[in-house]
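Written out below as C-alpha coordinates is the structure these notes cover.
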Amino acid sequence: MSILVIDVGTSGVRAAVVHPDASISHEHHVEVLPESPMAGLVEFDASRMAAAVLDVARRSLAEHGPVEAVGVATQRASSIVWDRATGQPLAPGLGWQDLRTVGDCLVLQAEGLRFAPNQSATKFTHLLSLVDPDRALDLCIGTVDTWIVWTLTEGAAHVTDVSNAAVTGLMRADGSAWDDSLLERLGIPRTAVPSLVDSSGPIAAATALRGAPMICGLAGDQQASLIGQSCVAPGPAKITFGTGGMLDMVIGPDRPAFASRSGNGSFPIVAWRRDDELIWGIEAIMLSAGTNVEWLRDDLGIIGSVAESHTVAAACDDTDGVVFVPALLGLGTPRWDFGARGALFGLTRGSGRPQIVRAVLEGVAQRGADLIEAAEADSGTTIASLRIDGGMSANPTFVQALADASGRTVEVSPVLEATTLGAAYLAGLSIGTWSGWDDVAANWNPRTVVEPARQLDRAQWQRAIDRAAQWHPDLSALDF
(Lines of atoms letter the chains of each structure in order from A and count residues from 1; the text may use other names and numbers.)
(Lines give C-alpha, C1' and ligand atoms only; values in the text may rest on other atoms or scores of the structure.)
Protein backbone atom coordinates (compact mmCIF):
# COMPACT_ATOMS: atom_id res chain seq x y z
CA MET A 1 0.00 0.00 0.00
CA SER A 2 2.41 2.62 -1.26
CA ILE A 3 1.83 6.35 -0.90
CA LEU A 4 2.85 9.28 -3.08
CA VAL A 5 4.08 12.18 -0.96
CA ILE A 6 4.35 15.75 -2.22
CA ASP A 7 6.47 18.02 -0.04
CA VAL A 8 6.54 21.74 -0.84
CA GLY A 9 9.26 23.58 1.06
CA THR A 10 10.50 27.15 1.05
CA SER A 11 13.14 26.50 -1.61
CA GLY A 12 11.88 23.51 -3.57
CA VAL A 13 9.28 20.86 -4.34
CA ARG A 14 9.78 17.14 -3.78
CA ALA A 15 7.78 14.03 -4.65
CA ALA A 16 8.54 10.49 -3.53
CA VAL A 17 6.88 7.14 -2.98
CA VAL A 18 6.80 5.80 0.59
CA HIS A 19 6.36 2.08 1.19
CA PRO A 20 4.88 0.17 4.17
CA ASP A 21 8.34 -0.40 5.65
CA ALA A 22 8.81 3.43 5.66
CA SER A 23 11.41 3.23 2.90
CA ILE A 24 11.40 5.95 0.25
CA SER A 25 11.90 5.56 -3.49
CA HIS A 26 11.34 7.30 -6.81
CA GLU A 27 12.22 10.68 -5.37
CA HIS A 28 12.29 13.77 -7.56
CA HIS A 29 13.07 17.36 -6.61
CA VAL A 30 12.80 20.70 -8.36
CA GLU A 31 14.25 23.89 -6.93
CA VAL A 32 11.67 26.68 -6.69
CA LEU A 33 13.35 29.56 -4.92
CA PRO A 34 11.49 32.57 -3.53
CA GLU A 35 12.55 36.06 -4.50
CA SER A 36 13.38 39.04 -2.32
CA PRO A 37 12.73 42.21 -4.33
CA MET A 38 13.91 44.31 -1.40
CA ALA A 39 14.92 43.89 2.22
CA GLY A 40 12.24 42.16 4.30
CA LEU A 41 10.15 41.03 1.30
CA VAL A 42 9.89 37.35 0.34
CA GLU A 43 7.59 36.31 -2.50
CA PHE A 44 7.16 33.44 -4.95
CA ASP A 45 5.47 32.45 -8.20
CA ALA A 46 2.51 30.23 -7.27
CA SER A 47 1.96 29.08 -10.87
CA ARG A 48 5.56 27.95 -11.12
CA MET A 49 5.17 26.13 -7.81
CA ALA A 50 2.05 24.33 -9.06
CA ALA A 51 3.77 23.30 -12.29
CA ALA A 52 6.72 21.93 -10.33
CA VAL A 53 4.38 19.90 -8.10
CA LEU A 54 2.70 18.28 -11.08
CA ASP A 55 6.06 17.65 -12.74
CA VAL A 56 7.71 15.80 -9.85
CA ALA A 57 4.53 13.93 -8.88
CA ARG A 58 3.97 12.66 -12.41
CA ARG A 59 7.59 11.59 -12.74
CA SER A 60 7.44 9.59 -9.49
CA LEU A 61 4.21 7.90 -10.56
CA ALA A 62 5.54 7.16 -14.05
CA GLU A 63 8.47 5.28 -12.54
CA HIS A 64 6.63 3.53 -9.71
CA GLY A 65 3.16 2.94 -11.06
CA PRO A 66 -0.15 3.39 -9.21
CA VAL A 67 -0.28 4.29 -5.52
CA GLU A 68 -3.04 3.85 -2.96
CA ALA A 69 -3.05 7.39 -1.57
CA VAL A 70 -1.40 10.81 -1.61
CA GLY A 71 0.04 12.73 1.33
CA VAL A 72 0.85 16.44 1.13
CA ALA A 73 3.12 18.47 3.40
CA THR A 74 3.80 22.14 2.78
CA GLN A 75 5.49 25.23 4.12
CA ARG A 76 3.05 27.03 6.37
CA ALA A 77 1.63 30.57 6.48
CA SER A 78 2.86 31.48 2.97
CA SER A 79 -0.18 33.00 1.29
CA ILE A 80 -1.75 32.99 -2.18
CA VAL A 81 -4.80 34.62 -3.81
CA TRP A 82 -6.37 33.32 -7.03
CA ASP A 83 -9.46 33.66 -9.19
CA ARG A 84 -11.98 30.93 -8.39
CA ALA A 85 -13.21 30.63 -11.99
CA THR A 86 -9.87 30.60 -13.82
CA GLY A 87 -7.66 29.17 -11.08
CA GLN A 88 -5.02 31.78 -11.89
CA PRO A 89 -3.02 33.49 -9.13
CA LEU A 90 -3.55 37.24 -9.18
CA ALA A 91 -0.40 38.35 -7.36
CA PRO A 92 2.91 36.94 -6.22
CA GLY A 93 2.56 34.60 -3.25
CA LEU A 94 3.86 36.01 0.02
CA GLY A 95 6.40 33.78 1.77
CA TRP A 96 6.12 33.01 5.47
CA GLN A 97 9.29 35.07 6.09
CA ASP A 98 7.84 38.15 4.37
CA LEU A 99 7.76 41.19 6.67
CA ARG A 100 5.81 43.70 4.56
CA THR A 101 2.82 43.60 6.93
CA VAL A 102 4.77 44.51 10.07
CA GLY A 103 3.10 47.95 10.09
CA ASP A 104 -0.34 46.38 9.79
CA CYS A 105 0.48 44.15 12.77
CA LEU A 106 1.46 47.22 14.80
CA VAL A 107 -1.83 48.95 13.96
CA LEU A 108 -3.81 45.87 14.98
CA GLN A 109 -1.73 45.54 18.12
CA ALA A 110 -2.93 48.96 19.21
CA GLU A 111 -6.47 47.57 18.97
CA GLY A 112 -5.57 44.66 21.22
CA LEU A 113 -5.26 42.14 18.34
CA ARG A 114 -2.00 40.22 18.27
CA PHE A 115 -0.80 39.09 14.86
CA ALA A 116 2.72 38.37 13.66
CA PRO A 117 3.92 39.16 10.14
CA ASN A 118 4.95 35.50 9.75
CA GLN A 119 1.31 34.43 10.16
CA SER A 120 -1.09 34.38 7.20
CA ALA A 121 -3.76 36.73 8.57
CA THR A 122 -2.31 40.10 7.54
CA LYS A 123 -0.84 38.57 4.37
CA PHE A 124 -4.35 37.54 3.27
CA THR A 125 -5.64 41.06 3.89
CA HIS A 126 -2.73 42.61 2.01
CA LEU A 127 -3.24 40.37 -1.03
CA LEU A 128 -6.99 40.91 -1.14
CA SER A 129 -6.60 44.67 -0.84
CA LEU A 130 -4.03 44.60 -3.62
CA VAL A 131 -6.16 42.75 -6.19
CA ASP A 132 -9.73 43.38 -4.98
CA PRO A 133 -9.92 46.48 -2.78
CA ASP A 134 -13.73 46.57 -2.99
CA ARG A 135 -14.07 42.83 -2.24
CA ALA A 136 -16.24 42.50 -5.35
CA LEU A 137 -14.57 39.49 -6.99
CA ASP A 138 -15.05 35.78 -6.38
CA LEU A 139 -11.59 34.91 -5.11
CA CYS A 140 -9.92 32.09 -3.24
CA ILE A 141 -7.21 32.62 -0.65
CA GLY A 142 -5.17 30.02 1.06
CA THR A 143 -1.87 28.77 2.34
CA VAL A 144 0.33 26.55 0.19
CA ASP A 145 -1.46 23.33 1.19
CA THR A 146 -4.74 24.80 -0.05
CA TRP A 147 -3.17 25.85 -3.35
CA ILE A 148 -1.56 22.45 -3.92
CA VAL A 149 -4.75 20.50 -3.19
CA TRP A 150 -6.62 22.88 -5.52
CA THR A 151 -4.00 22.12 -8.20
CA LEU A 152 -4.10 18.34 -7.68
CA THR A 153 -7.91 18.24 -7.73
CA GLU A 154 -8.16 20.62 -10.70
CA GLY A 155 -10.13 23.13 -8.66
CA ALA A 156 -12.56 20.66 -7.10
CA ALA A 157 -11.34 21.12 -3.50
CA HIS A 158 -10.68 24.42 -1.70
CA VAL A 159 -9.60 23.08 1.70
CA THR A 160 -6.97 23.31 4.41
CA ASP A 161 -6.22 21.00 7.28
CA VAL A 162 -6.37 22.27 10.84
CA SER A 163 -2.60 22.06 11.40
CA ASN A 164 -2.13 24.64 8.65
CA ALA A 165 -5.20 26.72 9.52
CA ALA A 166 -4.15 27.04 13.15
CA VAL A 167 -0.98 28.97 12.24
CA THR A 168 -2.80 31.54 10.13
CA GLY A 169 -3.89 33.46 13.23
CA LEU A 170 -7.53 33.26 12.09
CA MET A 171 -8.80 30.24 14.01
CA ARG A 172 -10.87 30.17 17.16
CA ALA A 173 -8.77 29.54 20.25
CA ASP A 174 -10.11 25.99 20.59
CA GLY A 175 -9.12 25.11 17.01
CA SER A 176 -12.68 24.22 16.05
CA ALA A 177 -13.39 26.71 13.24
CA TRP A 178 -12.47 30.01 11.62
CA ASP A 179 -13.02 33.02 13.87
CA ASP A 180 -15.65 35.07 12.00
CA SER A 181 -14.98 38.19 14.06
CA LEU A 182 -11.32 38.19 13.01
CA LEU A 183 -12.21 37.58 9.38
CA GLU A 184 -14.60 40.53 9.47
CA ARG A 185 -12.07 42.84 11.15
CA LEU A 186 -9.39 42.01 8.59
CA GLY A 187 -11.73 42.32 5.63
CA ILE A 188 -11.46 38.68 4.60
CA PRO A 189 -14.71 37.37 3.08
CA ARG A 190 -15.86 34.10 4.62
CA THR A 191 -16.45 32.77 1.11
CA ALA A 192 -12.79 33.25 0.22
CA VAL A 193 -11.32 31.05 2.96
CA PRO A 194 -10.99 27.27 2.52
CA SER A 195 -13.04 24.60 4.28
CA LEU A 196 -11.40 22.77 7.19
CA VAL A 197 -10.57 19.06 6.95
CA ASP A 198 -8.79 16.44 9.06
CA SER A 199 -5.04 15.96 8.65
CA SER A 200 -5.59 12.21 8.16
CA GLY A 201 -8.54 10.88 6.22
CA PRO A 202 -10.00 10.97 2.70
CA ILE A 203 -10.02 14.54 1.35
CA ALA A 204 -10.43 14.53 -2.44
CA ALA A 205 -9.24 12.69 -5.53
CA ALA A 206 -6.06 14.00 -7.16
CA THR A 207 -7.57 13.99 -10.65
CA ALA A 208 -4.57 15.83 -12.10
CA LEU A 209 -2.53 12.65 -11.52
CA ARG A 210 -2.75 9.34 -13.32
CA GLY A 211 -5.23 7.04 -11.58
CA ALA A 212 -6.70 9.93 -9.54
CA PRO A 213 -5.43 8.61 -6.17
CA MET A 214 -7.18 9.91 -3.07
CA ILE A 215 -5.47 12.63 -1.04
CA CYS A 216 -5.57 11.20 2.49
CA GLY A 217 -2.90 13.15 4.36
CA LEU A 218 -2.46 16.92 4.68
CA ALA A 219 -0.31 18.83 7.15
CA GLY A 220 1.99 21.76 7.65
CA ASP A 221 5.63 20.87 7.17
CA GLN A 222 6.60 21.16 10.83
CA GLN A 223 3.74 18.98 12.03
CA ALA A 224 4.58 16.47 9.29
CA SER A 225 8.21 16.48 10.41
CA LEU A 226 7.11 15.95 14.02
CA ILE A 227 5.12 12.88 12.96
CA GLY A 228 7.86 11.75 10.56
CA GLN A 229 10.33 11.65 13.46
CA SER A 230 7.85 9.55 15.46
CA CYS A 231 7.24 12.26 18.08
CA VAL A 232 3.59 11.21 18.34
CA ALA A 233 3.17 11.18 22.13
CA PRO A 234 4.17 13.63 24.89
CA GLY A 235 7.90 13.62 25.62
CA PRO A 236 10.06 13.51 22.49
CA ALA A 237 10.80 16.76 20.67
CA LYS A 238 12.26 17.56 17.27
CA ILE A 239 13.86 20.53 15.59
CA THR A 240 13.84 20.92 11.82
CA PHE A 241 16.84 22.95 10.70
CA GLY A 242 15.85 24.15 7.26
CA THR A 243 15.56 27.73 6.07
CA GLY A 244 14.38 28.51 9.59
CA GLY A 245 14.45 26.29 12.65
CA MET A 246 11.34 24.95 14.35
CA LEU A 247 11.08 22.91 17.55
CA ASP A 248 7.83 21.00 17.99
CA MET A 249 6.56 18.57 20.59
CA VAL A 250 3.24 16.90 21.30
CA ILE A 251 1.25 17.90 24.38
CA GLY A 252 -1.95 15.84 23.91
CA PRO A 253 -5.70 16.37 23.48
CA ASP A 254 -5.80 19.27 25.96
CA ARG A 255 -4.87 22.71 24.72
CA PRO A 256 -1.78 24.26 26.38
CA ALA A 257 -2.64 26.67 29.16
CA PHE A 258 -1.31 29.74 27.35
CA ALA A 259 -3.70 31.21 24.78
CA SER A 260 -1.15 32.53 22.30
CA ARG A 261 2.56 33.13 22.75
CA SER A 262 3.81 32.27 26.22
CA GLY A 263 6.20 34.31 28.31
CA ASN A 264 8.93 31.91 27.24
CA GLY A 265 8.26 32.59 23.57
CA SER A 266 6.70 29.33 22.40
CA PHE A 267 3.07 28.99 21.37
CA PRO A 268 0.39 26.32 21.00
CA ILE A 269 -0.11 24.53 17.69
CA VAL A 270 -2.51 21.91 16.41
CA ALA A 271 -0.24 18.91 15.82
CA TRP A 272 -2.92 17.12 13.79
CA ARG A 273 -6.60 16.26 13.66
CA ARG A 274 -7.75 12.71 12.99
CA ASP A 275 -11.30 11.38 13.28
CA ASP A 276 -12.25 14.91 14.40
CA GLU A 277 -9.94 14.66 17.46
CA LEU A 278 -7.46 17.50 17.88
CA ILE A 279 -3.99 16.78 19.22
CA TRP A 280 -2.16 19.84 20.51
CA GLY A 281 1.53 20.64 20.66
CA ILE A 282 3.85 23.56 21.26
CA GLU A 283 6.30 25.19 18.89
CA ALA A 284 9.37 27.37 19.30
CA ILE A 285 10.93 29.13 16.32
CA MET A 286 14.19 30.59 15.07
CA LEU A 287 13.49 32.78 12.06
CA SER A 288 16.72 31.93 10.24
CA ALA A 289 18.80 28.74 10.42
CA GLY A 290 20.05 27.42 7.07
CA THR A 291 19.59 30.94 5.71
CA ASN A 292 22.76 31.88 7.57
CA VAL A 293 24.81 29.23 5.77
CA GLU A 294 23.34 30.35 2.45
CA TRP A 295 24.42 33.90 3.39
CA LEU A 296 27.99 32.67 3.82
CA ARG A 297 27.81 31.07 0.36
CA ASP A 298 25.74 33.49 -1.70
CA ASP A 299 26.44 36.89 -0.17
CA LEU A 300 29.86 36.69 1.49
CA GLY A 301 31.25 34.08 -0.90
CA ILE A 302 33.51 32.54 1.76
CA ILE A 303 32.24 29.01 1.11
CA GLY A 304 31.52 27.47 -2.26
CA SER A 305 28.67 25.22 -1.13
CA VAL A 306 26.53 24.54 1.91
CA ALA A 307 28.38 21.25 2.47
CA GLU A 308 31.71 23.11 2.56
CA SER A 309 30.66 24.85 5.78
CA HIS A 310 31.46 21.59 7.59
CA THR A 311 34.96 21.16 6.18
CA VAL A 312 35.88 24.83 6.63
CA ALA A 313 34.58 24.96 10.21
CA ALA A 314 36.34 21.69 11.05
CA ALA A 315 39.68 23.35 10.18
CA CYS A 316 39.67 24.97 13.64
CA ASP A 317 38.92 23.45 17.04
CA ASP A 318 36.91 26.44 18.26
CA THR A 319 35.95 29.96 17.21
CA ASP A 320 38.67 31.60 19.31
CA GLY A 321 36.04 33.80 20.94
CA VAL A 322 34.10 34.76 17.81
CA VAL A 323 30.31 34.65 18.32
CA PHE A 324 27.67 35.00 15.60
CA VAL A 325 24.06 35.87 16.39
CA PRO A 326 21.87 34.46 13.56
CA ALA A 327 19.27 37.21 13.53
CA LEU A 328 19.23 38.08 9.83
CA LEU A 329 15.43 38.29 10.02
CA GLY A 330 15.14 39.12 13.71
CA LEU A 331 14.85 36.79 16.69
CA GLY A 332 12.03 34.37 17.36
CA THR A 333 11.67 32.31 20.53
CA PRO A 334 12.16 33.34 23.29
CA ARG A 335 12.51 37.08 22.61
CA TRP A 336 10.42 37.65 19.48
CA ASP A 337 12.37 40.73 18.52
CA PHE A 338 11.81 41.55 14.85
CA GLY A 339 14.19 44.50 15.21
CA ALA A 340 17.19 42.38 16.20
CA ARG A 341 19.82 41.88 13.52
CA GLY A 342 22.65 39.46 12.83
CA ALA A 343 25.97 40.28 14.45
CA LEU A 344 29.55 39.04 14.72
CA PHE A 345 31.36 39.70 18.00
CA GLY A 346 34.84 38.97 19.27
CA LEU A 347 36.71 39.47 15.98
CA THR A 348 40.48 39.93 16.15
CA ARG A 349 43.25 40.24 13.57
CA GLY A 350 43.66 36.48 13.92
CA SER A 351 40.02 35.69 13.14
CA GLY A 352 39.86 33.88 9.83
CA ARG A 353 37.50 32.04 7.54
CA PRO A 354 37.31 28.85 9.66
CA GLN A 355 36.49 30.76 12.86
CA ILE A 356 33.76 32.79 11.18
CA VAL A 357 32.15 29.76 9.52
CA ARG A 358 32.29 27.77 12.77
CA ALA A 359 30.80 30.76 14.64
CA VAL A 360 27.84 30.77 12.24
CA LEU A 361 27.19 27.06 12.81
CA GLU A 362 27.59 27.42 16.58
CA GLY A 363 25.30 30.47 16.59
CA VAL A 364 22.49 28.42 15.04
CA ALA A 365 23.24 25.65 17.55
CA GLN A 366 22.99 28.14 20.44
CA ARG A 367 19.62 29.25 19.11
CA GLY A 368 18.59 25.59 19.09
CA ALA A 369 19.45 25.41 22.78
CA ASP A 370 17.32 28.53 23.34
CA LEU A 371 14.34 26.76 21.78
CA ILE A 372 14.82 23.67 23.93
CA GLU A 373 14.93 25.71 27.13
CA ALA A 374 11.75 27.59 26.17
CA ALA A 375 9.87 24.39 25.27
CA GLU A 376 10.89 22.71 28.51
CA ALA A 377 9.67 25.69 30.53
CA ASP A 378 6.31 25.77 28.73
CA SER A 379 5.66 22.03 28.62
CA GLY A 380 6.95 21.14 32.07
CA THR A 381 8.75 18.25 30.36
CA THR A 382 12.49 17.59 30.31
CA ILE A 383 13.78 17.03 26.78
CA ALA A 384 16.49 14.47 27.47
CA SER A 385 17.32 13.92 23.82
CA LEU A 386 16.50 15.81 20.67
CA ARG A 387 15.54 14.52 17.23
CA ILE A 388 16.54 16.63 14.24
CA ASP A 389 16.07 16.74 10.48
CA GLY A 390 16.43 19.32 7.71
CA GLY A 391 19.40 20.32 5.59
CA MET A 392 21.65 21.30 8.49
CA SER A 393 21.22 17.87 10.10
CA ALA A 394 23.63 16.56 7.43
CA ASN A 395 26.43 18.80 8.78
CA PRO A 396 28.53 16.89 11.39
CA THR A 397 30.15 20.03 12.80
CA PHE A 398 26.75 21.62 13.32
CA VAL A 399 25.20 18.51 14.91
CA GLN A 400 28.09 18.25 17.38
CA ALA A 401 27.75 21.98 18.16
CA LEU A 402 24.04 21.47 18.85
CA ALA A 403 24.80 18.65 21.29
CA ASP A 404 27.45 20.80 22.94
CA ALA A 405 25.28 23.93 23.18
CA SER A 406 22.24 22.07 24.53
CA GLY A 407 24.06 19.50 26.65
CA ARG A 408 21.76 16.84 25.21
CA THR A 409 21.94 13.76 23.05
CA VAL A 410 21.04 14.54 19.44
CA GLU A 411 19.39 11.85 17.29
CA VAL A 412 19.57 12.52 13.54
CA SER A 413 16.62 11.52 11.39
CA PRO A 414 17.22 8.59 9.01
CA VAL A 415 15.90 10.79 6.18
CA LEU A 416 16.99 14.36 5.61
CA GLU A 417 13.42 15.66 5.26
CA ALA A 418 11.19 13.83 7.75
CA THR A 419 8.19 15.75 6.40
CA THR A 420 7.97 13.10 3.67
CA LEU A 421 7.54 10.31 6.21
CA GLY A 422 5.08 12.37 8.26
CA ALA A 423 2.79 13.05 5.33
CA ALA A 424 2.99 9.37 4.39
CA TYR A 425 2.09 8.28 7.93
CA LEU A 426 -0.98 10.55 7.92
CA ALA A 427 -2.16 9.16 4.60
CA GLY A 428 -1.23 5.60 5.51
CA LEU A 429 -3.14 5.68 8.78
CA SER A 430 -6.22 6.52 6.75
CA ILE A 431 -5.90 3.55 4.39
CA GLY A 432 -4.52 0.99 6.84
CA THR A 433 -0.84 0.94 5.85
CA TRP A 434 -0.12 1.50 9.54
CA SER A 435 -2.62 0.44 12.19
CA GLY A 436 -2.07 3.27 14.65
CA TRP A 437 0.32 5.68 16.33
CA ASP A 438 2.20 2.85 18.09
CA ASP A 439 3.32 1.63 14.66
CA VAL A 440 4.55 5.12 13.82
CA ALA A 441 6.45 5.43 17.11
CA ALA A 442 8.09 2.03 16.60
CA ASN A 443 9.49 3.07 13.22
CA TRP A 444 11.98 5.57 14.71
CA ASN A 445 15.51 4.51 13.77
CA PRO A 446 17.98 7.42 13.90
CA ARG A 447 20.76 7.60 11.34
CA THR A 448 23.27 8.61 13.99
CA VAL A 449 23.33 9.58 17.66
CA VAL A 450 25.67 12.35 18.86
CA GLU A 451 26.58 12.98 22.50
CA PRO A 452 27.86 16.27 23.94
CA ALA A 453 31.66 16.53 23.88
CA ARG A 454 32.12 19.95 25.53
CA GLN A 455 29.99 22.79 26.80
CA LEU A 456 29.63 25.88 24.66
CA ASP A 457 29.64 29.13 26.65
CA ARG A 458 25.97 29.97 27.22
CA ALA A 459 26.74 33.05 29.36
CA GLN A 460 28.82 34.57 26.56
CA TRP A 461 26.02 33.70 24.16
CA GLN A 462 23.50 35.65 26.25
CA ARG A 463 25.78 38.70 26.25
CA ALA A 464 26.04 38.54 22.48
CA ILE A 465 22.33 38.16 21.91
CA ASP A 466 21.62 41.08 24.26
CA ARG A 467 23.81 43.30 22.09
CA ALA A 468 22.17 42.20 18.84
CA ALA A 469 18.68 42.87 20.18
CA GLN A 470 16.55 45.92 19.33
CA TRP A 471 18.78 47.13 16.49
CA HIS A 472 15.64 48.61 14.94
CA PRO A 473 13.59 49.71 17.97
CA ASP A 474 10.38 50.33 16.00
CA LEU A 475 10.34 46.74 14.76
CA SER A 476 11.33 45.49 18.19
CA ALA A 477 8.14 47.04 19.56
CA LEU A 478 6.04 44.50 17.68
CA ASP A 479 4.39 42.20 20.23
CA PHE A 480 1.98 39.45 19.30
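Just so we're aligned, residue 0 is where the sequence shown starts under numbering that gives the first Met the number 0, counting upward by one. By construction, the Cβ of each residue, glycine as well, lies at the ideal position given by its N, Cα and C atoms. Predicted, not measured: the structure shown is a model, and the values here were computed from it.
*For Phe397, the three-state DSSP class (helix, strand or coil)*: helix
*Between Pro19 and Ala203, what straight-line distance do the alpha-carbon atoms span, to the nearest angstrom?*
22 Å
*Rounded distance between the beta-carbons of Ala164 and Phe240, thought under 8 Å*: Not a contact, Cβ separation roughly 25 Å.
*Starting from the C-beta of Arg171, find all residues in its chain whose C-beta is less than 6 Å away, skip the five residues before and the five after it, and write them out in chain order.*
Asp178
*For Asp197 versus Gln221, is the C-beta spacing smaller than 7 Å?*
no
_Among the candidates Ala207, Arg184 and Leu169, whose CA atom is the shortest distance from the CA of Ser194?_
Leu169
*Hey, Pro255 and Asp377 are a contact pair by Cβ (cut 8 Å); roughly how many whole angstroms apart?*
7 Å
*Can you check DSSP and say which residues form a bridge with Met170?*
Trp177
_Distance between beta carbons of Leu286 and Gly243, contact taken as under 8 Å_ = That belief holds up - the Cβ atoms of Gly243 and Leu286 are roughly 6 Å apart, short of 8 Å.
_Sequence-distant residues of its chain with Cβ nearer than 8 Å to Arg260 (five each side left out)_ = So the list reads Arg113, Phe266, Trp335 and Phe479, once near-sequence residues are dropped.
_For Phe480, which residues in the same chain have their Cβ closer than 6 Å to its Cβ, ignoring the five residues on either side in sequence?_
Residue 480 lies beyond the range of the chain shown here (0 to 479); nothing can be said about it.
_My output table needs one value for Leu208: the three-state DSSP class, helix, strand or coil._
Three-state DSSP puts Leu208 in coil, outside helix and strand.
*asked:* Classify Glu62: buried if its beta carbon has 16 or more other beta carbons within 10 angstroms, exposed otherwise.
replied: exposed
*asked:* Measuring only the C-alpha atoms, how far is Ser119 from Val192?
replied: 12 Å
*What did DSSP end up calling Leu346 once you bin it into helix, strand or coil?*
coil
*In whole angstroms, what separates the C-alpha of Asn442 from that of Gly435?*
12 Å
*Would you tell me roughly how many angstroms separate the C-alpha atoms of Thr318 and Gly406, rounded to the nearest one?*
Taking the straight line joining both Cα atoms gives about 18 Å.
*Over the uninterrupted beta strand (DSSP E) stretch that includes Asp473, give me the two end residues.*
Premise fails: Asp473 lies in the alpha helix (DSSP H), Pro472 to Ser475, not in any beta strand (DSSP E).
_Three-way DSSP call (helix, strand, coil) for Glu416 in this model_ = Per DSSP, reduced to three states, the secondary structure at Glu416 is coil, with no helix or strand assignment.
*For Pro88, write down the residues that DSSP places opposite it in a beta bridge.*
In the DSSP output, where bridge partners are listed per residue, Pro88 has Trp81.
_So for Ala123, helix, strand or coil by DSSP?_
Residue identity check: residue 123 is Phe in the sequence provided, not Ala. Residue state, collapsed to three classes: helix.
*Note the first and the last residue of the continuous beta strand (DSSP E) segment covering Cys215.*
Met213 to Gly219
*Any idea which residues DSSP pairs Thr142 with across the strands?*
Ser78
*Using 8 Å as the threshold, is the stretch 419 to 434 in touch with the stretch 379 to 387, meaning 3 or more CB pairs across them?*
No, they do not touch.
*asked:* Residues in the same chain with beta-carbon distance under 8 Å from Thr124, minus the five sequence neighbours each way, listed in chain order, please.
replied: Thr100, Asp103, Leu185, Gly186 and Ile187
*Name, in chain order, the residues that DSSP records as bridge partners for His27.*
Ala14
_Assuming His236 and Ala374 are in contact, meaning their beta carbons sit under 8 Å apart, how far apart are those beta carbons, in whole angstroms?_
Sequence check: residue 236 is Ala here, not His. So it is a contact: roughly 6 Å between Cβ atoms.
*Leaving out five residues before and five after Pro413 in sequence, what residues of the same chain have Cβ atoms less than 8 Å from its Cβ?*
Asn444, Pro445 and Arg446
_Do Ala402 and Val411 have their beta-carbon atoms positioned less than 7 Å apart in this structure?_
no
*Going by DSSP, what residues sit across from Met245 in a beta bridge?*
For Met245, which the question treats as bridged, DSSP gives the partners Thr239 and Ile284.
*Helix, strand or coil for Trp279 per DSSP?*
strand
*Excluding five sequence neighbours on each side, which residues of the same chain lie with their C-beta closer than 6 Å to the C-beta of Pro451?*
Ala402, Asp403 and Gly406
*Which stretch, first to last residue, makes up the alpha helix (DSSP H) that contains Val305?*
No alpha helix (DSSP H) contains Val305, which DSSP labels as neither H nor E.
*Comparing alpha-carbon positions, which option in Asp54, Ala76 and Ile371 lies nearest Leu151?*
Nearest of Asp54, Ala76 and Ile371 to Leu151, Cα basis: Asp54.
*Do Ala68 and Cys215 have their C-beta atoms closer together than 7 Å?*
yes
*asked:* Taking the alpha carbon of Met0 as the reference point, which residue from Gln399, Met213, Ala270 and Leu217 has its own alpha carbon closest?
replied: Met213
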